[in-house]
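2 protein chains.
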Amino acid sequence: MPNDLGIIKTQSFTLTDELTLKSGEKLGPVTLAYETYGELNRDKSNAILILHALSGDAHAAGWHDGDKKPGWWDNMIGAGKAFDTNKYFIISSNVIGGCKGSTGPSSINPKTGKPYGLSFPVVTVEDMVNAQKKLIDHLRISKLLSVAGGSMGGMQVLQWTVSFPEMVRSAIVIAASVTHTAQQIAFHEVGRQAIMADPDWQCGNYYGKAVPARGLSVARMIGHITYMSKQSMEEKFGRKLKSDGNLKYDFSSDFEVEGYLRHQGDSFVQRFDANSWLYITKALDYFNLAQEENLVSVLSRTKSSFLVISFTSDWLYPSYQSKEIVKALKISGKDVTDIEINSSYGHDAFLVEVEGQSKIIPPYLERISK
Amino acid sequence: MPNDLGIIKTQSFTLTDELTLKSGEKLGPVTLAYETYGELNRDKSNAILILHALSGDAHAAGWHDGDKKPGWWDNMIGAGKAFDTNKYFIISSNVIGGCKGSTGPSSINPKTGKPYGLSFPVVTVEDMVNAQKKLIDHLRISKLLSVAGGSMGGMQVLQWTVSFPEMVRSAIVIAASVTHTAQQIAFHEVGRQAIMADPDWQCGNYYGKAVPARGLSVARMIGHITYMSKQSMEEKFGRKLKSDGNLKYDFSSDFEVEGYLRHQGDSFVQRFDANSWLYITKALDYFNLAQEENLVSVLSRTKSSFLVISFTSDWLYPSYQSKEIVKALKISGKDVTDIEINSSYGHDAFLVEVEGQSKIIPPYLERISK
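Encoded structure:
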């Protein structure tokens, strides 16, 4: 059921040069997958870059030929939607390290002719953004009206404002933080351990063989628990039993929530690469906007306006982390609009709280566009 | 360094009859490991039964010969401590399904001469308590001054008050709930999946061979994250880096919290049986004090006084779950004392917040003893 955007095709762009990474290593060639929606205006002042979360991809809106569901933020991007394609030219970029058309551990290493596996260098959010900058240059856009994203997308947004202040008129940072707490690192680390504990992982050299499905599935299940709120999980599942309504007194799944998690784990394995999970979670854990100096002085060098959105029931990236960003921005004298949206959906709210976000984002973009 | 309790030995008691389980299956012979501290008085009115949490055992206090550290609640049990062995006779009982001297999946099935593995029947908290009742009968105690425990121990306490109301003068329920929410089930289920995903698990038939160490380790790591509060994890680890203070840009552990979790996982494997983890988490997920009728009517049949303790930063068994118990008890017209202790230690607080608990428990026991 194509909408107004019609059938969308993912495009790809290969950087002309090698990318020098934060670690000092060089990576090349580097390809980025991206999609665009809407039209760039004559003075190229209406471009918005959309950035995705851990398991997302460039396919943010519209339908691919044969899609059973549209892009991951289709409810937010399109004609008359929060990111209105009648007004704005939307670019959705994938990240390096991923497995959705951009260069990552499952890509062929040109030096060996085989998939990188763990010989792929560890990349950071800064590296992801550096690659995206080349894409924006390639599109001949010198200044983005906005850079927007939730979760890891929000972290990339923050990095954009710091790395390329002259290129970002406004930043929409949703359900994100300037760095990971110990608990956030801990959840990621357990997921990585689950993958690396899977004998099929084979130190990352599993391409063309059995994939570490059980490990990746467990990692994804852990993720899912943290993406939902205690309340939304309770409302959706509570103690509801599967099918016949009786406890089974065995280790098959009794409760609906168990079946849901297993299904989420199993289906994720079909669409995501375990090594990419390792690399991207690592990039998130490494992310620290204020690593070398304090947050206020880092953010004072940015030149964007900011819209910072958080959600009341998000316990993975709690509102207080957004408030830390807002406080530092205010101390830096920046134009900052902040809102904590009431939602029971937990961290997933950035994907599903369409109404709340759609009330805030259009007038903000309208004001920034002037 | 033996304390006033001297060197303690774990004892064991084997039930004379088979135990009929909630599932309808029969289990036998059934052995329970237990320890005692202090002296039973002449009229047998000073006995307190202590019940442990998921990974606990009968060794609650004092030192075993060769111990490097004392029992898990040694800071709470002893002369002049919260459970004062100068005044009270303390019995600490293990649970069936475990691996610490009581009958569980690693025990020999007398019908086959081999370890039960998954042929061990699924047991419930009710079954655990039914076995403990036989132990108390064996000790010729007709009424317990108190039954006390935290986490799963608190759930056993609640079950004791409902199953054997005439035998329980008072119940000390710490950091517990009358049933598991979807999120609590979810965390357990992911841990179980991690164990069952380990090829060494072999459908539970791993005894005498390699144990599913990687799976159990991941399950334990998940557990640890939920036992600590976000705050305590942040205070203890934050983003502190291991040893040399540099990011490694690989998948060894960079952060102290990662090393801590790996260590917790690895060392747990040395002391706990993976199948017991499956059985005991299942018992917890099945626990539902108000399964067949509402909580008020269930609790109105109890004959105990209640002390209900929760901790502000416990997000695994949050205070609101304790408040639900307290509310139902008050509606039932029971004698109930409740306190929410300020603590940053999360669910682990029941093990470490000695001072707060030691202020509340002695005067409560004093009052009940009169």
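Chains U and D, in that order, give the protein sequences. Heads up: take any position in the first sequence, counting from 1, add 3, and you land on this note's numbering. Heads up: take any position in the second sequence, counting from 1, add 3, and you land on this note's numbering. Glycine residues also receive a C-beta, built at the ideal position from the N, C-alpha and C atoms.
Counting along the chain, the unbroken alpha helix (DSSP H) around isoleucine 283 (chain U) starts and ends at 277 to 289. Using a Cβ distance threshold of 7 Å, serine 313 (chain D) and aspartate 338 (chain D) do not count as a contacting pair. Taking each of U:Ser26, U:Val150 and U:Ser279 in turn and checking the Cα distance to tyrosine 210 (chain U), the smallest one comes out for U:Ser279. Pairing isoleucine 51 (chain U) with isoleucine 93 (chain U) gives a Cβ-Cβ distance under 7 Å. Methionine 224 (chain U) has a beta carbon lying within less than 7 Å of a beta carbon in chain D. With fewer than 16 neighbouring CB atoms inside 10 Å of its own CB, asparagine 249 (chain D) falls in the exposed class.
Under the Cβ criterion of 7 Å, glutamine 186 (chain D) is counted among the residues facing chain U.
Taking C-alpha positions only, alanine 277 (chain U) is separated from isoleucine 198 (chain U) by approximately 7 Å. Residue pairing from DSSP places leucine 147 (chain D) in a beta bridge opposite D:Val171. Inclusion of lysine 137 (chain D) and glutamine 186 (chain U) in the CB contact set at 7 Å is not warranted, their separation being larger than that value. Contacts with chain U (Cβ-Cβ distance below 8 Å) from the stretch 195 to 213 of chain D involve Arg195, Gln196, Ala197, Met199, Ala200, Asp201 and Pro202, listed in chain order. Distance check between threonine 39 (chain U) and each of U:Ser15, U:Lys29 and U:Asp20 places U:Ser15 closest, using alpha-carbon atoms only. Residue-level contact by beta carbon holds for lysine 233 (chain U) and chain D, with a gap shorter than 7 Å. Look at isoleucine 99 (chain D) here: in three-state DSSP terms it is coil, with no helix or strand label. Along the stretch 323 to 354 of chain U, there is no position whose C-beta sits under 8 Å from a C-beta of chain D. Judged by DSSP secondary structure, serine 166 (chain U) falls within the alpha helix (DSSP H) whose first and last residues are 155 to 166. Chain-order list of chain D residues neighbouring arginine 265 (chain U): Glu192 and Gln196, by C-beta distance under 9 Å.
In the DSSP assignment, isoleucine 342 (chain U) falls within the unbroken beta strand (DSSP E) covering 339 to 344. Following the DSSP letters along the chain, one finds tyrosine 230 (chain D) inside the alpha helix (DSSP H) bounded by residues 216 to 230. Histidine 67 (chain U) and isoleucine 10 (chain U) have their C-alpha atoms some 5 Å from each other.
Around the beta-carbon of alanine 82 (chain D), fewer than 16 other beta-carbon atoms lie within 10 Å, marking it exposed. Excluding five sequence positions before and after serine 235 (chain D), the CB atoms of its chain that fall closer than 8 Å to its own CB belong to Ser316, Ser347, Tyr348, Gly349 and Asp351, given in chain order. Interface residue (Cβ-Cβ distance to chain U less than 7 Å): phenylalanine 271 (chain D) is not classified as such.
Within its own chain, the residues whose Cβ lies closer than 6 Å to the Cβ of histidine 55 (chain D), once the five positions on either side in sequence are excluded, are Gly156, listed in chain order. Of the other Cβ atoms in all chains shown, fewer than 16 fall within 10 Å of the Cβ of aspartate 7 (chain D); this residue is therefore exposed.
Looking at the DSSP output, phenylalanine 258 (chain U) sits in a beta bridge with U:Leu244. Put simply, of D:Ile283, D:Gln162 and D:Val221 the residue whose alpha carbon is nearest the alpha carbon of aspartate 201 (chain D) is D:Val221. Against glycine 218 (chain D), the close residues of chain U are Ala200, in the order they occur along the chain (beta-carbon pairs closer than 8 Å).
Approximately 18 Å separates the beta-carbon atoms of aspartate 140 (chain U) and leucine 24 (chain U); this is outside 8 Å, ruling out the contact.
Distance between methionine 170 (chain D) and leucine 147 (chain D), taken at the CA atoms: about 6 Å. Your pair leucine 264 (chain U) and glutamate 192 (chain D) checks out as a contact, with CB atoms roughly 6 Å apart and the cut at 8 Å.
In the DSSP assignment, alanine 185 (chain D) falls within the alpha helix (DSSP H) that extends over 185 to 200.
If you look at phenylalanine 314 (chain U), you'll find it isn't in any alpha helix (DSSP H); it sits in the beta strand (DSSP E) that goes 308 to 314.
Any Cβ of chain U closer than 7 Å to the Cβ of alanine 286 (chain D) would place that residue at the interface, and such an atom is absent. Secondary structure at glutamine 267 (chain D): helix, using DSSP grouped into helix, strand and coil. Residue contact with chain U for tyrosine 252 (chain D): present (Cβ-Cβ distance below 7 Å to some residue of chain U).
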